[in-house]
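J.: Sequential numbering from 9 applies to the sequence shown in our numbering. Submitted below is the structure of interest, expressed as structure tokens.
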Amino acid sequence: MKKSINPQAMAIQRRFFEALDLAISLGKITGLKGFCADHNLNRTKYSRIKNTLDKPLDETTYKMIDLDALSAICTDFGVSPEWLLLGRGKMLKSDK
Numbered sequence: 009m010k011k012s013i014n015p016q017a018m019a020i021q022r023r024f025f026e027a028l029d030l031a032i033s034l035g036k037i038t039g040l041k042g043f044c045a046d047h048n049l050n051r052t053k054y055s056r057i058k059n060t061l062d063k064p065l066d067e068t069t070y071k072m073i074d075l076d077a078l079s080a081i082c083t084d085f086g087v088s089p090e091w092l093l094l095g096r097g098k099m100l101k102s103d104k
């Protein structure tokens, strides 16, 4: 069933995957599969979320990133919670 997704929630999800892709490119994690395994997350769900980010909101199946995943990306990789949730400031806490 298709449901409407809040644009702010979609923006958070895009930033989450942007940060995860950076962590992968820097060699901090092997990939989505490794991140999901390390944090007991459903890899299939996260793959589907990532693959629907560029689709129009009305064509997107309602799936949300878990709070555990949001917390983990901040804790494990130094992602700024303010950037992740609000889009303000720098992606990494160490960025000044």
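C-beta: ideal position from N, C-alpha, C; glycine also. Just so we're clear, the structure is a prediction, and the values are computed from it rather than from any experiment.
1) May I ask which residues mark the beginning and end of the alpha helix (DSSP H) holding K58?
2) Between the region 77-93 and the region 12-28, are three or more C-beta pairs nearer than 8 Å?
3) State the Cα-Cα distance for the pair G86 and P64, rounded to the nearest angstrom.
4) From the DSSP output, which residues share a beta bridge with R100?
5) Taking its Cβ as the centre, do 16 or more other Cβ atoms sit within 10 Å of L78, making it buried, or is it exposed?
6) Smallest Cα separation from T83: which of K101, T38, M18 and G39?
T.: In short, the structure shows the following:
1) R51 to T60
2) yes
3) 30 Å
4) First, the amino acid is wrong: residue 100 is Leu here, not Arg. Paired residue(s): V87.
5) buried
6) K101
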